Amino acid sequence: MSVIAPKFKLSYFIKSLTDNIFWIIVLLTLIGIPIIMIVLIFVDLPVHDGELVNPFLAFTMIFHPELAVPFLKSIIYSDFFKIAAFPGFGFAALLAAATIFAERKLLAKMQLRVGPFYCGKFEGILQLMGDGLKLISKEIIIPAKADKPLFWAAPVLFVATAAAFVALIPVAPGWVVADLDLGLIAVFAVIGFFPIITVISSWSANSKYPFIGGIRALHQMVSFEIPLILSLLGVTILTGTLSLSEIVHAQENYWLIVFLPIGAIVFFISMLAELERIPFDLPEAESEIVAGWLTEFSGMMYGLVQLGSYIKLYAFAGLFVVLFLGGWQGPMVVPPFPEEIITEGIQAGPITVQIAGLPIVSQEMLNGTLWFTLKTVAVIFFILIPRGVFPRIRIDMLLSIGWNKLIALAFVNMFIAVGLIYAGILGPGGIW
Amino acid sequence: MANYSQVMLMFGFAVVAMAPALIISRMISPRKRSNPVKFLPMECGQVPSGAGRTHFMMQYYAFILMFVVFDVMAIFLYAWGATLLELEKSTILPIIAFLGIMFGAMAYALNQSKRRDIW
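So the protein lines, in turn, are chains P and W.
Just so we're aligned: the first sequence equals residues 839 to 1270 in the numbering used here.
Just so we're aligned: the second sequence equals residues 46 to 164 in the numbering used here.
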C-alpha cells in the first residue's frame, strides 16, 4: 500500500506532467480569465500617484523599487493586512504552529524521547506539514445521530473565536487589529464564548464521551472565569483604564508583575484552566474519557480544533505579557535606520536608488514586536512545561481550588492594589 | 464603533479562511459508506447502548448557578476599579459593603454546594 508507484515508467510520468500542465492552462483560460475580468469590472483598483495600478505599472515596479515602496506601504498599513497577516491571523497561526512543534520536542526531551525525528532533514522540522497533509486527506466520520450543521460549525467557530481574541492583543505601538477603549471587557466577552462552543460541539456529537467531556469543560471554564476576571481587577485599579494599549503605556517604568505578583500567579493558573492544559486537562482526560469533547472529531475537524486551541494559547500568553510583563516595552535593541537611506538612497552594486519613504515600519514597531514576541515565547514555555511535570487533578479539587483559594487570592490582590493607590505609592502623586 | 467591527471582521476572516480546509478535506478524502458500524458513536469498541445525551448526576450543578451570579458581580467591580483614581477615598466604604454582601453570599453558596444530598 505504501509503495508510491509500483509500475513506474518515465514516459507515463512525463505524460502525466504534460497532462497536468494542459489542464491547468485550460482551466485558467476558461475560469481564471473570466474571474479576473469580472473582478476588474466590479472592483476599483488601487490608484497610485494619480495612475491606476495596471499590469504595466506592476512590471515597472520590479525595475523601479521607488515606485513599489509607497504601494507596499499602503498595503501594509491597510486593515486587511492587519487582520489577515501581521498582528492578526497569520502571525498568531505561525506562532501557534511553532508552539505545537516546540511542545512536541520539549515534551519528548523531558521524557527522554526524541520526538518527531524523521520528517525533514533536521530534527523532524517538517513534521507539522506532514501532519497537516495527513489530517486534510483523512476521511471525516460523523456519528449517524449527530446534529450535523452544528457539528460541522463547531471547529470553525472555535478557530474564529480564538481569532477574535487575537484581534484584541496589541503587539507593538499602534499595531493592534482592534484598539478598543474597553479592551479588557471585550477580552472577557470573547473568553465567555469558549464554553458555549465546547458545549455546542459536545451536545451535537450525540455521544457519551464528548458529552461528559463537554460538561466537565463547562464546569472548569466557568469556575475559573471568575478568578480570571477578579485577578485582573488590580491591573485596572493601578492603571485606571480598561484599554489594553493604555495598560501597556502605563508600564513604561515598572512592569505590573512587580506590584501584583499574586494577581499574576492567579491569572496564570486560571489561564491554564481556561486553556484545558495539564494539570487542568479534565475535559480531554485521555486516560478516563478517551479524548473528552474531542472524541468524535476526525480528520481536519480535529486539526482545526487543535489549531484553534493553540491560537487561544498564544492569545492568552500575549494577554499575560500585555497585562503583567509590560507588553512591547523594553530597551531599544533594534539599531536606528541610517539617515543616508532617506537622503542618499541605497547603494546596490553599481546602482544607487533613491527611494521615498523607505523605512516601511518604524524602529519602535520592530523593537516592540521583538520584545513582545520574546516575552510571549517565554510565557508559552511556562505554559508548556507543566504538561511534562504535573499529574492531572480531580474535579472536586479543581472546583475547590477555583472557588475557595483563587478567588480569595484575587481579592487579596485587589486590596493590595487599592492599598498601593491609597498609600500614595502609585497613582497620581506616586512613582508612576 | 469601527474598532468593534474589526473584531467581527477578524472572526469572519477566520471563518472564511478555515471553512475551505474542511471543504478541501471533504473533496480529497476517501468516503466509503459500506459499513454502518463505522458511523456509530465511539464507545471503546462496544456497541453503544442508549442515547448519547444520557442523564447523569451533575453533582457540581451548584457551581454553575454560582457562576451566573458572581460573574455579573465581578464585572460590576470593574466600573468602580476603572475610575478609582478619580474617586474620593471615602467611596471605598460602599464597595466594601458590596464586597461584604458578596463574600457572605459566596460563603453560604459554597457551604450549600458541599451538601450533595440536596442536589
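Backbone N, C-alpha and C fix where the C-beta goes; we use that ideal spot for every residue, glycine too.
Remember, it's a predicted structure, so these values are computed and weren't measured experimentally.
List the endpoints of the continuous alpha helix (DSSP H) containing residue i.
i, result
"H100 (chain W)", "Neither: H100 (chain W) is in no alpha helix (DSSP H) and is coded neither H nor E."
"R942 (chain P)", "927-948"
"S1238 (chain P)", "1233-1238"
"M875 (chain P)", "871-880"
"S849 (chain P)", "848-865"
"R1225 (chain P)", "1224-1227"
"T999 (chain P)", "986-1004"
"A127 (chain W)", "No alpha helix (DSSP H) contains A127 (chain W), which DSSP labels as neither H nor E."
"M967 (chain P)", "965-974"
"G145 (chain W)", "137-158"
"V1199 (chain P)", "Here V1199 (chain P) belongs to no alpha helix (DSSP H), and DSSP marks it neither H nor E."
"M87 (chain W)", "From DSSP, M87 (chain W) is part of no alpha helix (DSSP H); its letter is neither H nor E."
"V1104 (chain P)", "1099-1112"
"P1048 (chain P)", "1046-1069"
"E1124 (chain P)", "Premise fails: E1124 (chain P) is in no alpha helix (DSSP H) and is neither H nor E."
"G1257 (chain P)", "1245-1260"
"E1084 (chain P)", "1082-1088"
"L1142 (chain P)", "1138-1162"
"G1021 (chain P)", "1021-1029"
"K920 (chain P)", "917-922"
Strictly below 8 Å CB to CB, what residues from chain W border residue i?
i, result
"K983 (chain P)", "P86, G97"
"H1057 (chain P)", "Y105, F108, I109"
"N1242 (chain P)", "L155"
"V1104 (chain P)", "In chain order: nothing, as chain W lies at least about 13 Å away."
"I1023 (chain P)", "I120, Y123"
Could you name the residues of chain P that residue i contacts, counting a contact when the two beta carbons are closer than 9 Å?
i, result
"P75 (chain W)", "S975, K976, E977"
"A150 (chain W)", "Here the premise fails: no neighbours, minimum Cβ distance about 12 Å."
Counting only Cβ pairs nearer than 7 Å, list the residues of chain W close to residue i.
i, result
"L1071 (chain P)", "L122, Y123, G126"
"G870 (chain P)", "Near G870 (chain P) there are no residues of chain W at all, since even the closest Cβ is about 17 Å away, more than 7 Å."
"T1079 (chain P)", "A127"
"V1015 (chain P)", "Q51, M55"
"L1068 (chain P)", "A119"
Do residue j and residue i have their beta-carbon atoms positioned less than 7 Å apart in this structure?
i, j, result
"K1046 (chain P)", "G97 (chain W)", "yes"
"G1130 (chain P)", "G1240 (chain P)", "no"
"R1230 (chain P)", "P1117 (chain P)", "yes"
"P1121 (chain P)", "E1112 (chain P)", "no"
"L1082 (chain P)", "P1008 (chain P)", "yes"
"I1126 (chain P)", "P981 (chain P)", "Checking the displayed sequence, the identity of residue 1126 (chain P) turns out to be Glu instead of Ile. Against a cut-off of 7 Å, the Cβ pair of P981 (chain P) and E1126 (chain P) comes out as no contact."
"M1170 (chain P)", "L973 (chain P)", "no"
"G958 (chain P)", "K943 (chain P)", "no"
"A1248 (chain P)", "L1068 (chain P)", "yes"
"L1076 (chain P)", "L1264 (chain P)", "yes"
"Y1216 (chain P)", "F1003 (chain P)", "Before going further, note that residue 1216 (chain P) is Ala rather than Tyr in the sequence given. Not in contact: A1216 (chain P) and F1003 (chain P) (Cβ atoms no closer than 7 Å)."
"I1035 (chain P)", "A992 (chain P)", "yes"
"L1244 (chain P)", "V1104 (chain P)", "yes"
"G1078 (chain P)", "G1101 (chain P)", "no"
"V1096 (chain P)", "G1165 (chain P)", "no"
"M948 (chain P)", "G1226 (chain P)", "yes"
"E977 (chain P)", "S94 (chain W)", "no"
Measuring alpha carbon to alpha carbon, tell me which of the options ends up nearest residue i.
i, options, result
"L838 (chain P)", "P:K972, P:D1019, P:S1136, P:F1135", "Coverage of chain P is limited to positions 839 through 1270, which leaves residue 838 (chain P) absent and any answer about it impossible."
"V1015 (chain P)", "P:A923, P:N1044, P:F1249", "P:A923"
"V1250 (chain P)", "P:I1218, P:W1093, P:L1070", "P:L1070"
"I1218 (chain P)", "P:L1098, P:Y1148, P:A1255", "P:Y1148"
"G1146 (chain P)", "P:T937, P:G1101, P:Y1092", "P:T937"
"T1074 (chain P)", "W:L122, W:K159, W:A127", "W:A127"
"A1005 (chain P)", "P:A930, P:A984, P:A1155", "P:A930"
"F939 (chain P)", "P:K920, P:P1033, P:M1059, P:L966", "P:L966"
"I928 (chain P)", "W:A62, W:Q104, W:S135, W:G90", "The question names Ile, yet the displayed sequence has Gly at residue 928 (chain P). Taking only the C-alpha atoms, the option nearest G928 (chain P) is W:A62."
"M151 (chain W)", "W:I137, W:I109, W:M87, W:S135", "W:I109"
"F996 (chain P)", "P:I1259, P:F1158, P:Q1144, P:K1213", "P:Q1144"
"W1093 (chain P)", "P:F1162, P:H1087, P:K1150, P:F1031", "P:F1162"
"F1228 (chain P)", "P:V1256, P:D1119, P:K853", "P:D1119"
"P925 (chain P)", "P:F1210, P:Y1260, P:G1262", "P:F1210"
"S1200 (chain P)", "P:M1252, P:K986, P:I914, P:F1049", "P:I914"
What residues of chain P sit near residue i, judged by a beta carbon separation below 7 Å?
i, result
"A59 (chain W)", "F927, V997, A998, A1001"
"I69 (chain W)", "I974"
"F115 (chain W)", "I1064"
"L54 (chain W)", "I921"
"L132 (chain W)", "Chain P residues near L132 (chain W): none, gap ~10 Å exceeds 7 Å."
"A142 (chain W)", "Ordered by position in chain P, no residue passes the 7 Å Cβ test against A142 (chain W), which lies about 15 Å from the chain."
"N48 (chain W)", "A1016, D1017, L1018"
Counting only Cβ pairs nearer than 8 Å, list the residues of chain P close to residue i.
i, result
"M137 (chain W)", "Note that residue 137 (chain W) corresponds to Ile in the displayed sequence, not to Met. What I137 (chain W) touches in chain P: V1256, Y1260."
"F112 (chain W)", "V1060, S1061, E1063, I1064"
Are the C-beta atoms of residue i and some chain A residue less than 7 Å apart?
i, result
"T1074 (chain P)", "No chain A appears in this structure, whose protein chains are P and W."
**Message:** By the 8 Å beta-carbon criterion, what residues does the stretch 1108-1129 of chain P contribute toward chain W?
**Reply:** V1128
**Message:** Please identify, using Cβ separations under 9 Å, the residues of the stretch 1028-1046 of chain P that lie next to chain W, in order along the chain.
**Reply:** V1028, G1030, W1041, A1043, N1044, S1045, K1046
**Request:** Pull out every residue of the stretch 1133-1156 of chain P whose Cβ sits closer than 9 Å to any Cβ of chain W, in chain order.
**Result:** T1133, E1134, G1137, M1138, M1139, G1141, L1142, L1145, G1146, I1149
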